[in-house]
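Sequential numbering of the sequence shown, starting at 59, is according to our numbering.
Below is one structure, written out as structure tokens; the observations come after it.
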Amino acid sequence: MSTTPPDDQGFGPSEDPSPDTFGANESDAAPKEPSAPSTPMERFKEAAKARQDQDEDEQEDELWEGRYSSRAMIGKWILAGFITVALLVGIFFIGVDKGWAWLTWLAICVAMWGWFAMQLAYRKLTCKYRLTSQRFVHESGLLKRVIDRIEVIDIDDVSVEQRVVERILGVGTVKITSSDRSHPELSLRGIEKVKNVAGLIDDTRRKERRRRGLHIEAI
Numbered sequence: 059m060s061t062t063p064p065d066d067q068g069f070g071p072s073e074d075p076s077p078d079t080f081g082a083n084e085s086d087a088a089p090k091e092p093s094a095p096s097t098p099m100e101r102f103k104e105a106a107k108a109r110q111d112q113d114e115d116e117q118e119d120e121l122w123e124g125r126y127s128s129r130a131m132i133g134k135w136i137l138a139g140f141i142t143v144a145l146l147v148g149i150f151f152i153g154v155d156k157g158w159a160w161l162t163w164l165a166i167c168v169a170m171w172g173w174f175a176m177q178l179a180y181r182k183l184t185c186k187y188r189l190t191s192q193r194f195v196h197e198s199g200l201l202k203r204v205i206d207r208i209e210v211i212d213i214d215d216v217s218v219e220q221r222v223v224e225r226i227l228g229v230g231t232v233k234i235t236s237s238d239r240s241h242p243e244l245s246l247r248g249i250e251k252v253k254n255v256a257g258l259i260d261d262t263r264r265k266e267r268r269r270r271g272l273h274i275e276a277i
């Protein structure tokens, strides 16, 4: 008499996990490999690009604008007045009563005063200076206008030059020395409040260098 093994009661047929499911679980449970650390050159490029984008968005503030001051010509006006009076006194003292003497005096005075007036107009019209938080802009020329820009970080030295009369009037010449190839040396003549202007240029230069220096250290 044959005996048949009884079926397991209450239990269904056992199911083996399929290979696909097992592989998927293994792949999900496997830890991800950490990404390779970036090189110093890559970090530098990323920081430089971020800084460039920040500089483009940065506002450039205008700090000062100026031209040749009329006060710088006061010495010549005094000289012209002295010559005018001296010639007039000479005519009266010598006693020249002829018309040619007066015409000569008038011609000399008109030429002298006219020449000084033309000098003043030319210097005021042909030179213009502008200082921003990042650049120094120099405009020159009358018929042909030339605009040069110097980065304030490239300015190496700022000095002031004044004569005796200029010291009394508070005007003078600002001399800028920079590493800029087009204008390694630039002279700003006839600047009013010359010491304040020179100090402002120097302070702006040092502030920009400190800002760029901190950026380089951060990189």
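Virtual Cβ for every residue (Gly too), placed ideally from N, Cα, C.
Using only the alpha-carbon positions, how far apart do residue i and residue j sit?
i           : j           : result
residue 269 : residue 222 : 38 Å
residue 240 : residue 133 : 32 Å
residue 228 : residue 191 : 25 Å
residue 152 : residue 161 : 16 Å
residue 253 : residue 260 : 11 Å
residue 194 : residue 267 : 14 Å
residue 199 : residue 118 : 25 Å
residue 224 : residue 131 : 9 Å
residue 251 : residue 203 : 26 Å
By the DSSP assignment, the alpha helix (DSSP H) with residue i in it spans what residues?
i           : result
residue 142 : 132-152
residue 184 : 157-184
Between residue i and residue j, is the Cβ-Cβ spacing less than 9 Å?
i           : j           : result
residue 123 : residue 186 : yes
residue 211 : residue 235 : no
residue 216 : residue 233 : yes
residue 129 : residue 248 : yes
residue 126 : residue 189 : no
Quick one: give me the first and last residue of the beta strand (DSSP E) that residue i is part of.
i           : result
residue 234 : 229-236
residue 204 : 204-209
residue 219 : 213-219
residue 201 : Here residue 201 belongs to no beta strand (DSSP E), and DSSP marks it neither H nor E.
residue 16  : Coverage of the chain is limited to positions 59 through 277, which leaves residue 16 absent and any answer about it impossible.
residue 120 : 120-124
Skipping 5 residues on each side, what residues in its chain have a beta carbon closer than 6 Å to that of residue i?
i           : result
residue 220 : 230
residue 208 : 194, 236 and 238
residue 167 : 142
In chain order, what residues of the same chain lie with their CB nearer than 7 Å to the CB of residue i, ignoring the 5 residues before and after it?
i           : result
residue 170 : 138 and 141
residue 206 : 196, 240 and 241
For residue i, collect the residues of the same chain with a Cβ closer than 8 Å to its Cβ; drop the 5 residues on either side in sequence, then sort them by chain order.
i           : result
residue 242 : 235 and 236
residue 149 : 159, 160 and 163
residue 146 : 163
(request) Decide yes or no for the touch test of the stretch 129-140 against the stretch 163-178: beta carbon pairs closer than 8 Å, at least 3 of them. (result) Per the Cβ contact rule, the stretch 129-140 is in contact with the stretch 163-178 (3 or more Cβ pairs under 8 Å).
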